[in-house]
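Per numbering that gives the first Met the number 0, the sequence shown starts with residue 0, numbered consecutively.
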Amino acid sequence: MTDKKKVIVFTTGGTIAMKFDPKVNGLVPAVSGADLAAAVPGLDKLADVEVREFSNHASCAMTPQKMFQLSQMIEEALKEEGVAGAVVTHGTDTVEETAYMLDILHKSEKPIVLTAAMRGAGDTSPDGPANIYCAVKTAASEEAKGKGVMVLLNEIIHAAGQVRKTHSANPDTFASPWWGPIGYCDVDRVVFRRAPLDRHTYSPKELTARVDIVTGQTGIGRDYIDFAVAQGCKGIVLEGFGRGNLPAIVEPAIKDATDKGVVVVITTRTPGGRPYQVYAYPGSVTDSRNNGAIHGGEFSSAKTRLKLMVLLSERPELAKKENREELERLLDV
């Protein structure tokens, strides 16, 4: 290839950078960012690749604050002359969350592609090298411009807002329930069949709002909601059943929380669809909204939490009761 484009690879750790350690009988961080790139045959023919190491830890150690810092680092790098796009190597456990946080903060037309691996770098058949190869190829492609942040594994490209990890161990774990992938990386080129719609981006100067998730359970009481309020949460994502319905016993806690200025957002534990006020019985979304809660949109509870953090950090006034209708609208797009 001539006139190679520059792609910056940001490494954060994860299984993709781990090897088996017999001393502890498990995978541990063991591979540097430079080693990761060096293990990919033909990578230098795709692009002028520069590796920058952000961290090297399991992705369960990722935090919203680290995601925010990573976003700032990437956005500054994308402003550099000659840079076509960025790749992030990440652990699979939370890659969908980091991707979504990066996406709602990403205003550039230059693509960001996150990739990962389900097998360690020292395993018999590691999937990391092929995933990195395809991610760099995609980030350097003209077709990827304007698509926002994407997650790519097994040659399949997913939109950050829709992708989910669906299996704890199988390499074919990532899917976009109901909507499907947006494209794929083929031998000769990167192919897109659709573009992510309704991407919305925000620009908080810092993350200031704490938001927790409380999962609805059969027989649950109000204790978890009360505890979250006591810890100083600005928002609570309350994951309901089906359309977002909950045991009626939690409704007084929702009212008490919203009366204290805490934003309560109802989501659904189902992998598709929106919570909505279809029913009107005690504990229904209608009941929760009458008690001051609002409903989220199609995003998972984890992604809704991150978006609520960003919104309340950028615009704290959205927490006021008179602005809850606008906040509900912003969460449902």
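Virtual Cβ for every residue (Gly too), placed ideally from N, Cα, C.
In the three-state reduction of the DSSP assignment, Pro28 falls in the strand class. Under the three-state reduction of DSSP, Gly241 is assigned to coil, being neither helix nor strand. Per DSSP, the beta-bridge partners of Glu52 are Thr10. In the structure shown, Gly272 falls within a coil segment according to DSSP collapsed to helix, strand and coil. Its Cα nearest to that of Val249, the residue Leu237 stands out among Leu237, Gly260 and Gly241. Taken through DSSP and simplified to helix, strand or coil, Tyr201 comes out as coil. The continuous alpha helix (DSSP H) containing Met308 extends over residues Ser300 to Glu313.
A contact between stretches requires three or more CB pairs, one per stretch, nearer than 8 angstroms, and the region 153-160 fails this requirement with the region 31-40. Burial is judged here by how many other beta carbons sit within 10 angstroms of a residue's own beta carbon; Pro270 has fewer than 16 and is exposed. Counting along the chain, Thr123 sits inside no beta strand (DSSP E), nor does DSSP assign it H or E at all. For Asp2, the secondary structure class from DSSP, reduced to helix, strand or coil, is coil. Below 8 angstroms, enough C-beta pairs join the region 285-299 and the region 251-265 to call them touching: three or more. Straight through space, the alpha carbons of Gly179 and Thr214 are spaced by roughly 26 angstroms.
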